[in-house]
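Contents: one structure, followed by commentary.
2 protein chains.
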Amino acid sequence: MPDSDITRLAVWDKLKKKAEEFEKPHKHLKHLIDEKDRLKRFSKSLPGVFLDYSRQRVDGEVMGYLFELAKSRGVLDRFRQMTDGKKVNGTENRAALHTAARRFPPETVYIDDRDAVKELHTVREQFQRFSRQVHDGEIRGSTGKTFRDVVVIGIGGSYLGTEFVSCALEPFADRRMHLYFLANVDIDDFGTIAERIDPERTLWIVISKSYTTTETLANANQAYAFMEEKGLEPSRHFVTVTSRGSPGDDPESHIIRSFHMFDYIGGRYSVSSAVGGVPLSLYLGYDRFERFLKGAREMDIHAENAAPEKNLPLIGALIGIWNNNFLHYSNLGIIPYSSPLRKLPAHIQQLYMESNGKSVDENGNELPVSSGVIVFGEPGTNAQHSFFQLAHQGRPFPVDFIGVLKPSYDQYKNRSKGVTNHQELWANLISQPMALAQGKEDENPAKRFEGNRPSTTLVLDDLSAESVGRLLSYYEARTVLEAFVWGINPFDQFGVELGKKLASDVRKTMVSYGEEKKDTGALHGPIVSFYLDRLLST
Amino acid sequence: MPDSDITRLAVWDKLKKKAEEFEKPHKHLKHLIDEKDRLKRFSKSLPGVFLDYSRQRVDGEVMGYLFELAKSRGVLDRFRQMTDGKKVNGTENRAALHTAARRFPPETVYIDDRDAVKELHTVREQFQRFSRQVHDGEIRGSTGKTFRDVVVIGIGGSYLGTEFVSCALEPFADRRMHLYFLANVDIDDFGTIAERIDPERTLWIVISKSYTTTETLANANQAYAFMEEKGLEPSRHFVTVTSRGSPGDDPESHIIRSFHMFDYIGGRYSVSSAVGGVPLSLYLGYDRFERFLKGAREMDIHAENAAPEKNLPLIGALIGIWNNNFLHYSNLGIIPYSSPLRKLPAHIQQLYMESNGKSVDENGNELPVSSGVIVFGEPGTNAQHSFFQLAHQGRPFPVDFIGVLKPSYDQYKNRSKGVTNHQELWANLISQPMALAQGKEDENPAKRFEGNRPSTTLVLDDLSAESVGRLLSYYEARTVLEAFVWGINPFDQFGVELGKKLASDVRKTMVSYGEEKKDTGALHGPIVSFYLDRLLST
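Just so you know, the sequences run in chain order A and B.
Just so we're aligned: the first sequence equals residues 0 to 537 in numbering that gives the first Met the number 0.
Just so we're aligned: the second sequence equals residues 0 to 537 in numbering that gives the first Met the number 0.
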């Protein structure tokens, strides 16, 4: 890993000078997009995927320096170390092998003496068989009814990726299964789901690597009690996805069975493993899940092997660095012009912000620059009628626009104003990046648009399982490549520990408060005490 | 409206000096929260609502200057002009009377010679009767079946507020109606909803003030065609919410009936009008909708009349200004520790960013400071397992935490680690603001927390209809009060026009492309031409 202060690199200075140049009027995007061959020079194609960064505030020189930066930081080498099973998660002394979950024997990836591909494949075969048995009615609930309602109990990385993929592929969910996500410890979440499911036909999937996640266990316990109250045998209605030997790895007694996950795949990168595989195989069928893996694998191979100048995730990562550290944008909007991709922003929000929201590098040195930006987004055109007022005339932020050439429901062809709804959607997707880039003069200052607002457009051919896999892998690779430029560890998350520790202390006080009605002010100070009193006297 | 440059006010300079002081170690939040009576001094109560800003980076002097700023900008006077029906939306020469939608005769609010309270009440009586007739089966679909599936066709302000309220009150949705929102012109959105509804039992509510919104009309046309294809009589399945005399105001021929909306209530402020009232009365019952209005009215009265130092929305607005223009935070996280409030962030995102994402003041002068920030959020504790890594150790941003003392589903009482799930949720809600404020030293730099990250905690007694009304009105008032400090118009949205215009041009080219297979490059340049070719050859 690079040890030097990134800002002392000569190329960093060159980029800073370029950023100053980009403040000048002749570098306004309205001029850049008129350059000859602009699109050709600043776009790249792969089968099924097209990346257009012609509306980013870059020129050939900027891109050249950015590739130089990537080279000097050895980011593609680091990426290959990652996919080869090296322990790139240094603070936790672990490998980071989400890419191995997209590989199949006879390929191998060894971590010490374990073959991760084989381990992951064994589990895959288990949930392939399991999902078939559930679909065929060989495995049923305790009253003999087939399963129909699948509830995933898991939080953060144990559900966001799966939720994204399940929404994206919902039009192909033909297994007659309903999929629910019980993430929050909020009892109102449980109550809402409890009203919708048929307990006799419900399969609960409890997902936690350590099987110590407080929210997940609280929900699992509540679900277990609920099933007992309904007179059902919970052991016939629960599976777990967890580490070998964890408290939840208990296939003999209290549950149907466990599927293993491994310490070399972190939560936010885990949708390709059993974390996504078990629920998605039940919801979509195992074959479709495997096609999703194959799409992701294609993009993984591309990220590993493509030359920097043709490498889509690397280009995305470097533009991220440029926009953040040189042009000083603090946000990234993710706007899919596709309702099935409506959960992509929330997934990338976690993936990116938990990976790259760091303040120290891998060597423990304070970073001299900001790393992660704040990711947010909603589908377009909805976003146009929500926060795009600010995007056009307020605080500027870069946008990733995502388009899908072929919709999933193509049987509806009604035309309004001469175009289908899908064409109308695209008329907007085509226009927004141009409007943001070009701007517009007007005599009325309220109707003036300064433009020069950068965006990328990523186009998928369709929303097949393969496409969704490519999209997922693109963002995963882009996220870790950005981290490798800064030299930070995108695989740990020590920043969540302090809040957990305080919550544990407060919980203990709640328990003793309940028993002894003690004044709690002494332990946590008057503010916490106030809230404890308010809550516990309600 | 104030004409002066806000940054030339003496008090602006005083606040700038205070902001410098707040960079110093002794003003770190970990010290501020230990001050005697900190919570008492920096919190305010109203019936059902508690606002705690003790973890904001403020002191008595800062708040004093902020109130002075508010006074010098006349913001509460402006607010009262708004509620009195003055044409505070200057660029469009309109009043802004969402607060009148929460008032009942014999109260009156005149705009020129029209009484807005009476107009709004008349429509309210119409949808009160209509919802009763639907619930009682007096109004049915064309095959004689009662309605069960209600689909709202509307985008932006025509659905985000209603979606928020319907989710918040979902536990009380006891009218056996299913509510869907068809916002996006994406045909996959239509396809997904079409699969779920029973057309014979479906009532479509088309909401558009002008009845010219492209997406909404495209969806309405598609829905109309769909109903005809199913052999149903669409006129018996559609209602509209629109302006008097608009193309959709046509109760005699093609639809069941129209409910009127008025030009003095903008989309993002319209959930209290027929825009929210028609679907919410069907979904929740009219009485519950009226209770929601009464809660909002309580907060409106408070915002109009409370002294600045006790005025919750004004305090929220001023802290927004302080965090944005003086401490230079560019984002606001909205984190409700309550799953039923899961759509609050998306609603406030629109309400706030579309209102305050402006670059000129009401007089057309370029603003000397940034106005709106970027609003985003997810429910807690989910957010803790997603982007809170960055909140604690990355780029800081202020947070509005929202807690609810009594959950809606209180029949589930299972305990884990000695506490109920609701208490676990609260243990986290209590702890996160403290962790963000205090931070923590550690020998390991990766486990160090700098703290000093500001937040507000807003506590509601419960999720009754009244509570949800108070919460909505709090954010509406806070949003416009911030705008009045800057002297911007929070009621227009000219920033969305350029994109619409370009989309209209592109659409025309699509139509002629289809007919004449013309090369399109000449009209819109090579980038747009490329996308047109890609799409239309797919």
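Heads up, the beta-carbon is just placed ideally off N, CA and C, and yes, glycines get one too.
As the structure is a prediction and not an experimental result, all values here were calculated from the model.
Under the Cβ criterion of 8 Å, phenylalanine 66(A) is not counted among the residues facing chain B. Inter-residue distance for methionine 260(A) and alanine 217(A) is about 21 Å (C-alpha atoms, whole angstroms). Contacts with chain B (Cβ-Cβ distance below 9 Å) from the segment 170-196 of chain A involve Pro170, Ala182, Asn183, Val184, Asp185, Ile186, Asp187, Asp188, Phe189, Gly190, Thr191, Ala193 and Glu194, listed in chain order. Using a CB distance cut-off of 8 Å, phenylalanine 386(B) counts as an interface residue toward chain A. In the displayed model, serine 338(B) falls within a helix according to three-state DSSP. Here the alpha carbons of arginine 147(A) and leucine 531(A) stand approximately 41 Å from one another. Within a 10 Å sphere around the beta-carbon of proline 246(B) sit fewer than 16 other beta-carbons, which makes this residue exposed.
Per DSSP, arginine 131(A) is one residue of the alpha helix (DSSP H) stretching across 115-134.
Of the residues Phe291(B), Arg256(B) and Pro307(B), the one whose Cα lies closest to the Cα of lysine 70(B) is Pro307(B).
Here isoleucine 347(A) has Ile333, Val374 and Tyr474 as same chain residues with Cβ atoms under 6 Å from its own Cβ, once five neighbours each way along the sequence are excluded. The shortest CA-to-CA distance from serine 130(A) to any of Gly275(A), Val495(A) and Leu311(A) is the one to Gly275(A). Judged by DSSP in its simplified three-state form, histidine 236(B) adopts coil rather than helix or strand. Counting of Cβ neighbours within 10 angstroms places alanine 9(A) among the exposed residues, the total staying below 16.
At a cut-off of 8 Å between beta carbons, tyrosine 474(B) makes no contact with chain A. Comparing alpha carbon positions, the residue from Asn220(B), Leu38(B), Arg195(B) and Arg102(B) closest to glycine 417(A) is Asn220(B). Non-local beta-carbon contacts of arginine 506(B) in its own chain, meaning distances under 6 Å to residues more than five positions away in sequence, are absent.
The Cβ neighbour count for aspartate 491(A), taken over all protein chains shown within 10 Å, is at least 16; the residue is labelled buried. At a cut-off of 8 Å, the C-beta of serine 207(B) has no neighbouring C-beta in chain A. Just so you know, the alpha carbons of leucine 470(A) and serine 280(A) end up roughly 19 Å apart.
Look at the segment 400-418 of chain B: the residues with a C-beta under 7 Å from a C-beta of chain A are Leu404, Lys405, Pro406, Ser407, Tyr408, Tyr411, Asn413, Ser415, Lys416, Gly417 and Val418. At least 8 Å separates the beta-carbon of serine 269(B) from that of leucine 119(B). About 7 Å separates the beta carbons of aspartate 51(A) and threonine 455(A), which is inside the 8 Å limit, making them a contact pair.
With respect to the 8 Å criterion, asparagine 420(A) and isoleucine 186(B) are classified as neighbours on the basis of their beta carbons. Bounds of the beta strand (DSSP E) holding leucine 457(B) are 454-459. Ranked by Cα distance from serine 44(B), the first of Leu501(B), Ser415(B) and Ala305(B) is Ala305(B). Under the DSSP assignment, methionine 81(A) falls outside any beta strand (DSSP E), being part of the alpha helix (DSSP H) whose first and last residues are 74-82. In the structure shown, the three-state DSSP call for serine 370(A) is coil. If you ignore the 5 residues before and after alanine 95(B), its C-beta comes within less than 6 Å of the C-beta of Met81, Val87, Asn88 and Phe490, all in its own chain and listed in chain order.
Between the alpha carbons of valine 467(A) and serine 338(A) lies a gap of roughly 13 Å. At least one CB atom of chain B sits nearer than 8 Å to the CB of tryptophan 425(A).
Ranked by how close their Cα comes to the Cα of phenylalanine 483(A), the residues Ile320(A), Asp248(A) and Glu106(A) have Ile320(A) in first place.
Threonine 212(A) places its beta carbon less than 8 Å from that of isoleucine 154(A). Under DSSP, lysine 500(B) shares a beta bridge with no residue. Here the alpha carbon of lysine 35(B) sits roughly 11 Å from the alpha carbon of glycine 524(A).
With a cutoff of 8 Å on beta-carbon distance, arginine 296(A) and arginine 102(A) are scored as near each other. Burial check for serine 511(B): the Cβ neighbour count within 10 Å stays below 16, so the residue is exposed.
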